[in-house]
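Numbering (this note's numbering), first residue to last: 240 to 556. Accompanying notes for the structure given below.
Below is the structure:
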């Protein structure tokens, strides 16, 4: 099942089906064999984030208790974060090496890479602790799937998600303004969380106007990646400072810090430029535009329904 509403009708049923499908996918990823464990954990955490984004759309639906369910998936993701975060720092070093390799091709740079790699390996192969965590999460996830309630529908399909979509977009716009005004790692990281929510929500809405919303998805994904790389670089910087005495070569460390800072500055300029365009509309105008797409989608579906009923039956085989 695609991570998208299949039609403008029965949004309540679609949300429940999407949640169930993402939960089952996460269960598969958590059951990956040991040799594929790192990728399985990475993919499971992606499914957790998708689920939490869906739940934010229907946060106000009382029978669902979306905040409590979202909290469970947040905590579950955090229990797996150490393994993924350690691997992400190795990938961050690799990306930085591609764009600014000279400071990393030093004794300090190579020492940092070796320590990052060993740290990632140690996290992944803490077999007993990680195996126990994965087993427990699988049991709890099966229970969450079984207990997922029916979601009461709204008057129209879009009405069910309108408040959550507006809240998410407004929050992303506010976080953008905060990051531009106070460009700290924390401000950009908080903005990235809201950008990812908006990206997931745009994916869900694709059917309303694929031509326009698929392009918006691509741009939001690019923005999320820029902000994600910025966050990884901020963590890499902290890790370098933490290991400073073990790595040695003070002048080389300064070159490494300079490479990290230059890359962050570029990523932030690009993110603010792209984000300013993606969040240019006021929340009210944005919601009215998406609602108009949804209404046109519903009208197209209504026009198509009678013709489908009048189609001649298929000839017997």
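All C-beta atoms in this analysis are idealised placements derived from N, C-alpha and C, irrespective of residue type, glycine included. Since the model is a prediction, treat every value here as computed from it, not as a measurement.
Integer-rounded CB distance, given that residue j should sit under 8 Å from residue i
i: residue 479; j: residue 495; result: 6 Å
i: residue 283; j: residue 310; result: No, residue 283 and residue 310 are not in contact; Cβ-Cβ is about 17 Å, not under 8 Å.
i: residue 436; j: residue 292; result: 5 Å
i: residue 328; j: residue 475; result: 6 Å
i: residue 502; j: residue 376; result: Contact doesn't hold; Cβ gap of about 34 Å is too wide.
i: residue 362; j: residue 321; result: 5 Å
i: residue 380; j: residue 266; result: 5 Å
i: residue 397; j: residue 540; result: Incorrect: roughly 13 Å between the Cβ atoms, too far for contact.
i: residue 400; j: residue 297; result: 7 Å
i: residue 289; j: residue 261; result: 5 Å
DSSP state of residue i mapped onto helix, strand, coil
i: residue 306; result: helix
i: residue 319; result: coil
i: residue 555; result: Caution is warranted here: a pLDDT of 45 is assigned to residue 555, below 50, making its placement in the model unreliable, and the coordinate value is therefore given only provisionally. It is coil, neither helix nor strand.
i: residue 390; result: coil
i: residue 512; result: helix
i: residue 518; result: coil
i: residue 271; result: coil
i: residue 541; result: helix
i: residue 314; result: helix
i: residue 342; result: helix
i: residue 498; result: helix
i: residue 246; result: coil
i: residue 241; result: coil
i: residue 298; result: coil
i: residue 404; result: helix
8 Å Cβ cutoff met for residue i and residue j
i: residue 407; j: residue 438; result: no
i: residue 346; j: residue 492; result: no
i: residue 223; j: residue 446; result: Because the chain is modelled from 240 through 556, residue 223 falls outside the range shown and cannot be assessed.
i: residue 404; j: residue 352; result: no
i: residue 268; j: residue 252; result: no
i: residue 414; j: residue 433; result: yes
i: residue 339; j: residue 498; result: yes
i: residue 428; j: residue 470; result: yes
i: residue 384; j: residue 263; result: yes
i: residue 255; j: residue 443; result: no
i: residue 518; j: residue 412; result: yes
i: residue 247; j: residue 536; result: yes
i: residue 513; j: residue 461; result: yes
i: residue 565; j: residue 325; result: A question about residue 565 goes unanswered here, because the residues of the chain that appear run from 240 up to 556.
i: residue 511; j: residue 419; result: yes
i: residue 390; j: residue 459; result: no
i: residue 422; j: residue 473; result: no
i: residue 522; j: residue 409; result: yes
i: residue 482; j: residue 354; result: yes
Query raised in the report: Where are the alpha helix (DSSP H) runs, 4 residues long or more, that stay fully inside the stretch 411-487, in chain order?
Result: The alpha helix (DSSP H) runs of length 4 or more contained entirely in the stretch 411-487 are, from start to end of the chain, 424-443, 449-481 and 483-486.
Requested in this report: Please list the segments of the alpha helix (DSSP H) lying wholly inside the stretch 352-385, counting only runs of 4 or more residues, in order along the chain.
Outcome: none
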